[in-house]
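Quick mapping for you: the protein sequence lines, in order, are chains A and B.
Here the first sequence is numbered in UniProt numbering, starting from 1 and rising by one per residue.
Here the second sequence is numbered in UniProt numbering, starting from 1 and rising by one per residue.
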Amino acid sequence: MKKAITYRLLLPLCLKILLVGCLPDAADNQGKSPDYFSPVVSPSLLQEDFPQPARNPMSKQGVLLGKTLFYDHGLSANGKVNCASCHLPQLAFSDGVSLSDQGVSGKMLHRHSPALFNMTWHKGLFWDGGSTNLESLVFGPLTHPDEMGADLNEVIHYLRGNQDYSELFKAAFKTDTITSAFISRALAQFVRTLISQDSRYDQWQRKETDFNPQEISGYQLYQKHCNSCHQEGLFTDLQYHNNGLDATYPDPDELEELLLGRYRISFDDQDLGAYKTPSLRNIYLTAPYMHDGRFETLEEVLDHYENGIQRNGSLAPELENGINLTNQQREDLLAFLATLTDHTFINNKAYQK
Amino acid sequence: MKKIAIIVLTVWTLTACNDREETPSGMAVSFSFSHVLDGNPLELEGDAFTLPSGESFTPRKFKYYISNITFKNSISGSSYTVSDGYFLIDEAGKKKFSVEIPSDDYDALTFYVGIDKARNLSTDQVGDLDPSNDMAWNWNTGYKFLVLEGEWEYESDERHGLVVHIGSNDPESEQNFKAINFDLASAGQSLGSEAVVQLDFQAELNELFMDPNELILHELENTSIKGGKWAVNIANNYQEGFFTLQ
């Protein structure tokens, strides 16, 4: 009897000691844990969950650190470029120019800055999907000699020398050692919070507002002509398609297959000239259009789909016959696309410096 | 009674919290790597070497990852794989590392050059996989498995750059992730009950340029090799005959 009682008392004690003793940071973790969270997702995004990598769950502190890094010019080689130089909140985190020359070298880049929102659902990042998660994407713009041109060792040196950052990293990751992995994790956390889900379209889907007849007509035209690639919800299928911009794809040595599209990553002939379908959300804010920003206006984009398509072996079959719309239909479609502009998103102070 | 409980508790706590629970009383195996080119010790930014194809070549950078190290005992069939072992070997930096493994009579060793697909595409950028080591691609997720850079010239004074960046478990296979096998027994290196074992490897860079695929720089259209056929060819070259156990 006595024996049984002893064990009953000891067992919970043992477990407690074991658990505490085995926590990786138990010894040096005096502060409190980061406040982990998962954002609320509007049903109009048609997503079942909010994917987050197990290694990098979002926390309030991680996002704050990520935002601080996003707006810090100190991460660039010349101290004059930050992430927001090419990803402006008021343009749905795109930059409004076809090919930016805002990088540290002043040289024109070869692809148009993509808008940043709803990124957690993207399986491939960059126009060709080379990067497969936000944590590894970050090193592209950060270190590319024509973008931020950073030497990661210098970035780490800069961050370690800054008391504010020491505290931000400690709060976000309970770490005393700032490494590039934590820099990218924080930036990824911030970018994951950039969720656009409160356009008039979303409100309409949630029965909070009505569409006028023209917008409804435009929605039906969208469903008929655009939905196969710009799938409803995220308004992209997250896939790669050759949409007939060019008949052939030059491959100059110095560009290292950059003009071949997704082929550069997949080595699949069907991916020649294929790029990731951009979202139609915030399309009125994210001009110019295409991976190289070659079209200034949506009218030009519609002209391309009507009579500009270049046919070759990798052209998306859906575009074989182009997309033909009457003038009235164009107006209706454009009226619907305007409902995808998310003012709540671009004015959200939480995303801004 | 109380004493017994405390002893049980103490032992339990110690064993449960020991990170190397699965590797009791083992041996420390040190790996060290040296590199030669054309039979001479590799020197970066030094005198030019002559490649098998006749070009003169001045190397500037040479580094690669070693991972997925497995020791085998072919008699008993047992084996041990070093978990989470990703080691960057850099001619200009660290050329040795050591691992702890459980004691056994191992007679075979396998390691890979490169990073397995699961880790290559993961978000774990820690240890030697830290992107500040300049081995992460910046337009693709993943790592360069082997990097050789330098300048070459052939029958002229014109110097050309050589950039060999091999990586990618592309596209759906792991064709550039190469297993290197060693027969420890026939190399006279069977491991036994020693507490510390030293394994010295030498890599001959000539092998990157030949066998089975002859790489003649002055006949290539482009000597910036970052993927495609030639990356695969070179990876096949270093799979056999590149490393020798000294």
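A virtual CB, placed ideally from N, CA and C, is assigned to each residue, including glycine.
Just so you know, these numbers come straight off a predicted model, no measurement behind them.
- prompt: Residues of chain B with CB under 7 Å from A/Leu152, in chain order?
  reply: Per Cβ cutoff of 7 Å: Pro131, Ser132.
query: With a Cβ-Cβ cutoff of 9 Å, do A/Asp128 and A/Gly244 count as a contact?
result: No; because the gap between Cβ atoms is not below 9 Å, this pair is not in contact.
field: Beta-carbon proximity list for A/Phe235, same chain, < 6 Å, skipping 5 on both sides
entry: Excluding positions up to five away in sequence, the list reads Ser279, Leu280, Arg281.
field: Residue(s) in a DSSP beta bridge with B/Leu59
entry: Residue identity differs from the one stated: residue 59 of chain B is Pro in this sequence, not Leu. Bridge partners of B/Pro59: B/Gly150.
task: Compute the minimum distance between the beta carbon of A/Asn348 and the heavy atoms of the ligand SAH, and state whether it is under 8 Å.
output: Questions concerning the ligand SAH fall outside what the structure shown contains, since it holds no ligand whatsoever.
task: Could you please give me the residues that DSSP links to B/Lys144 through a beta bridge?
output: For B/Lys144, which the question treats as bridged, DSSP gives the partners B/Gly167.
Distance between A/Gly161 and A/Thr177 (C-alpha atoms, nearest Å): Rounded to the nearest whole angstrom, the C-alpha separation of A/Thr177 and A/Gly161 is 11 Å.
message: Bridge partners for B/Thr244 per DSSP, in chain order?
response: Looking at the DSSP assignment, B/Thr244 forms a beta bridge with B/Gln202.
message: Measuring only the C-alpha atoms, how far is B/Asn18 from A/Phe345?
response: The predicted position of B/Asn18 is uncertain, since its pLDDT is 45 and thus under 50; a value taken from the coordinates is nonetheless stated next. Near 49 Å, if we compare the C-alpha coordinates of A/Phe345 and B/Asn18.
- prompt: Would a C-beta distance cut-off of 9 Å place A/Asn78 and A/Gly149 closer than the cut-off?
  reply: Yes, Cβ-Cβ distance for A/Asn78 and A/Gly149 is below 9 Å.
query: Do B/His165 and B/Ala235 come within 9 Å of each other at the CB atom, strictly closer than that value?
result: Contact: no.
- prompt: Which residue's Cα is closest to the Cα of B/Gly228: A/Glu320, A/Glu257, A/Gly313?
  reply: With distances taken between Cα atoms, B/Gly228 lies closest to A/Glu257.
message: Using 8 Å as the cut-off, can you tell me whether the region 67-74 of chain A makes contact with the region 185-195 of chain A, which would need three or more C-beta pairs spanning the two stretches below that distance?
response: Contact holds: three or more Cβ-Cβ distances are below 8 Å.
- prompt: Which word fits B/Ser156, buried or exposed, when buried means at least 16 other C-beta atoms lie within 10 angstroms of its C-beta?
  reply: For B/Ser156, the number of other beta carbons within 10 angstroms of its own is below 16, and it is reported as exposed.
- prompt: Once you ignore the five residues that flank B/Leu81 on each side, which residues in its own chain have a CB closer than 6 Å to its CB?
  reply: Correcting the residue identity first, residue 81 of chain B is Thr in this sequence and not Leu. Only Thr70 meet the Cβ criterion.
query: Can you list the residues of chain A that B/Val126 reaches, using a CB-CB cut of under 9 Å?
result: Per Cβ cutoff of 9 Å: Thr179, Ala181.
message: Among the candidates B/Ala179, B/Phe209, B/Leu215, B/Glu158, whose CA atom is the shortest distance from the CA of B/Ser67?
response: Each of B/Ala179, B/Phe209, B/Leu215, B/Glu158 was checked against the Cα of B/Ser67, and the nearest Cα belongs to B/Ala179.
task: List the residues of chain B whose Cβ lies closer than 8 Å to the Cβ of A/Asn56, in chain order.
output: Identification of chain B residues near A/Asn56 by a Cβ-Cβ cut-off of 8 Å yields Thr123, ordered along the chain.
- prompt: Applying the criterion that 16 or more other CB atoms from any shown protein chain within 10 Å of the CB defines a buried residue, is A/Ile283 buried or exposed?
  reply: Within a 10 Å sphere around the beta-carbon of A/Ile283 sit 16 or more other beta-carbons, which makes this residue buried.
field: Close Cβ partners of A/Ser184 (< 6 Å) along its chain, the five nearest in sequence each way excluded
entry: Excluding residues up to 5 positions away in sequence, Glu135, Val138 lie with their Cβ nearer than 6 Å to the Cβ of A/Ser184 in the same chain.
- request: Determine, using beta carbons only, whether B/Ala136 comes closer than 9 Å to chain A.
  value: Yes, its Cβ sits closer than 9 Å to a Cβ of chain A.
- prompt: CB B/Ile115 to CB B/Phe145, shorter than 9 Å?
  reply: Closer than 9 Å, so yes.
CB contact check: B/Trp139 to chain A, cutoff 9 Å: Yes - at least one Cβ of chain A is within 9 Å of the one on B/Trp139.
field: Closest Cα partner of B/Tyr106 within the set B/Phe182, B/Leu220, B/Pro212
entry: The shortest Cα separation from B/Tyr106 among B/Phe182, B/Leu220, B/Pro212 belongs to B/Phe182.
message: If I measure Cβ to Cβ from B/Asn237 and keep anything under 8 Å in the same chain, skipping five residues before and after, which residues do I get?
response: Cβ neighbours of B/Asn237 beyond the five flanking positions: Glu207, Leu208, Phe209, Met210, Asp211, Pro212, Asn213, Leu215.
- request: Pair every Cβ in the region 203-212 of chain A with every Cβ in the region 89-104 of chain A, then say whether three or more of these pairs are closer than 8 Å.
  value: Touching, no.
query: Counting Cβ pairs, one atom from each stretch, are 3 or more of them under 8 Å apart for the region 188-195 of chain B and the region 23-40 of chain B?
result: They touch, by the three-pair rule.
task: Could you check the C-alpha separation between A/Gly322 and A/His230 for me, to the nearest Å?
output: Rounded to the nearest angstrom, the two C-alpha atoms are 15 Å apart.
- request: Tell me whether the beta-carbon of B/Phe177 lies closer than 9 Å to the beta-carbon of B/Val113.
  value: A contact, by the Cβ cut-off of 9 Å.
message: On the CB-based measure, 16 or more other CB atoms within 10 Å of its CB, does A/Asp95 come out buried or exposed?
response: Taking all protein chains in view, the Cβ of A/Asp95 is crowded by 16 or more other Cβ atoms within 10 Å, so the residue is classified as buried.
query: Does the Cβ of A/Thr143 have 16 or more other Cβ atoms within 10 Å, making it buried, or fewer, making it exposed?
result: With 16 or more other Cβ atoms within 10 Å, it is buried.
- request: Entirely within the region 40-110 of chain B and at least 4 residues each: give me those alpha helix (DSSP H) ranges in chain order.
  value: Listed in chain order, nothing qualifies, since the region 40-110 of chain B has no complete alpha helix (DSSP H) run of 4 or more residues.
task: Measure the beta-carbon distance from A/Tyr219 to A/Phe336 and round it to whole angstroms, keeping in mind my assumption that it falls under 8 Å.
output: Confirmed, about 5 Å.
field: Close-in-space but distant-in-sequence residues of the same chain around A/Phe50 (CB under 7 Å, 5 per side omitted)
entry: Ser38, Pro39, Val41, Thr120.
task: To the nearest angstrom, report how far apart B/Ser186 and B/Ser74 are at their CA atoms.
output: Distance between the alpha carbons of B/Ser186 and B/Ser74: 13 Å.
- request: With distances taken Cα to Cα, identify the nearest neighbour of B/Thr58 among B/Leu44, B/Tyr64, B/Pro52, B/Tyr65.
  value: Closest by alpha carbon: B/Leu44.
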